Amino acid sequence: MKRKEQREKPPKKRRMAVKSLWKTSSVIFGLKGYVAERKGEREEMQDAHVILNDITEECGPPSSLITRVSYFAVFDGHGGIRASKFAAQNLHQNLIRKFPKGDVISVEKTVKRCLLDTFKHTDEEFLKQASSQKPAWKDGSTATCVLAVDNILYIANLGDSRAILCRFNEESQKHAALSLSKEHNPTQYEERMRIQKAGGNVRDGRVLGVLEVSRSIGDGQYKRCGVTSVPDIRRCQLTPNDRFILLACDGLFKVFTPEEAVNFILSCLEDEKIQSREGKPTMDARYEAACNRLANKAVQRGSADNVTVMVVRIGSP
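Numbering-wise (UniProt numbering), the sequence shown opens with residue 1 and increments by one.
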């Protein structure tokens, strides 16, 4: 009997531990965003961004399993600023309206469906407005969004802007740059096949020889050629070893690898010369300096594009 009792107890403890991950608010990591942007050599700043450290109340009464909701996003416009600006103003508003209210059977499935519906609705809204203009707007935009539901990140992206997680590796005792997003360009097999099936083609690595990305918001003239607004959605569980999230447009990654960018930010965070100013906490000053220095360095290295650098600090509640 004793042996039987010992075998039955461990499963019960494991089930309780898994359940507590959702309900123990004290384990929720704090998130805070910082950003810097540079026009670079372009005539117009066509990037846009959004930092919403906490939108739990705006999302209405969420599931009892959800304690905190945060949202961070970067948008890289092309052909004008209207698509990126529209996405920055409206995508999170649509997300808030569609966010699940009350308890749900599966938080993950519901949140992913919410993101898919949000991107579809936002794109349709912009295309409707764009087509009503004379002449019609031809603007488009990438989108890389991080929706944090407690300690789970949901990363939804279109195009070639990227999200990178800095995580400390205990075995190597080094920080690693983990990709949280998937780039979408017409040279990728699945993207090219979808474009060709829709009657479009890829020339010189571009849709119809013109558009560099295969998924976007806007770009109405290419939507009938296989360009889509369906985002790639990934899920990532935050851990105590996670330091920060980097979101940036391709203006940064044309001259920095993800590893170089992460190490550059880490060097700024460890720079003791950067101290608090005007009552601002030292770490806030260092994160702000990291964004500004990295954006400046990208321009110095010859990035001819707009540069937007967003760093989301991961810390204690």
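Note that CB positions come from ideal geometry on N, CA and C, so glycine has one too. What you are looking at is a predicted structure, and each value in this text was computed from that prediction instead of being measured.
Tell me which residues share the same chain as residue i and place their Cβ nearer than 6 Å to its Cβ, disregarding the 5 neighbours each side in the sequence.
i, result
"Asn-292", "Ala-36"
"Met-1", "Reliability of the predicted coordinates at Met-1 is poor, the pLDDT of 41 falling under 50, and no value is obtained from them."
"Cys-145", "Ala-73, Ala-156"
"Leu-52", "Tyr-71"
Could you tell me which of the options sits nearest to residue i, measuring between CA atoms?
i, options, result
"Lys-174", "Pro-61, Thr-257, Arg-243", "Arg-243"
"Ser-161", "Leu-147, Ser-181, Leu-153, Tyr-154", "Ser-181"
"Arg-234", "Arg-82, Ile-155, His-92", "Ile-155"
"Lys-32", "Ala-295, Ile-81, Phe-72", "Phe-72"
"Pro-100", "Ser-63, His-92, Asn-94, Ala-87", "Ser-63"
"Met-283", "Ala-298, Ala-295, Lys-297, Ser-267", "Ser-267"
"Ser-132", "Gly-30, Gly-220, Pro-258, Met-310", "Gly-220"
"Glu-170", "Phe-86, Cys-59, Asn-241", "Asn-241"
"Cys-59", "Asp-271, His-49, Leu-147, Arg-38", "Leu-147"
"Leu-158", "Ala-198, Glu-125, Arg-215", "Arg-215"
"Gln-89", "Lys-109, Pro-61, Asp-47", "Asp-47"
"Gly-102", "Pro-61, Arg-82, Ser-141, Lys-112", "Pro-61"
How many whole angstroms separate the CB atoms of residue i and residue j, which I take to be in contact at a CB cut-off of 8 Å?
i, j, result
"Gly-77", "Asp-123", "14 Å between Cβ atoms; not a contact."
"Ala-177", "Val-262", "4 Å"
"Asn-306", "Arg-42", "5 Å"
"Leu-91", "Ala-143", "7 Å"
"residue 325", "Ile-55", "Past the boundaries of the shown model lies residue 325; the chain is included only from 1 to 317, so the question cannot be answered."
Check the DSSP bridge columns for residue i and list the partner residues they point to.
i, result
"Cys-145", "Ala-73, Ala-156"
"Lys-174", "Asn-169"
"Leu-246", "Ile-164, Val-311"
"residue 327", "Outside the displayed range of the chain (1 to 317) lies residue 327, so it cannot be described from this structure."
"residue 318", "The structure shown does not extend to residue 318, since the chain spans only 1 to 317, so no value can be given for it."
"Ile-233", "Ala-156"
"residue 394", "In the structure as shown, the chain starts at 1 and stops at 317, and residue 394 therefore has no counterpart that could be examined."
By Cβ distance below 7 Å, which residues in the same chain neighbour residue i in space, the five residues on each side in sequence not counted?
i, result
"Gly-302", "Val-255"
"Glu-5", "A caution first: Glu-5 carries a pLDDT of 42, below 50, which makes its placement in the model unreliable, though a value can still be read off. The answer is none, since no qualifying residue turns up."
"Phe-253", "Arg-162"
Skipping 5 residues on each side, what residues in its chain have a beta carbon closer than 8 Å to that of residue i?
i, result
"Gln-129", "Phe-86, Trp-137"
Cβ contact (3+ pairs, closer than 8 Å) linking the region 271-279 and the region 240-248: no
Inter-stretch contact (C-beta, 8 Å, three-pair minimum) for the region 58-73 and the region 197-215: no
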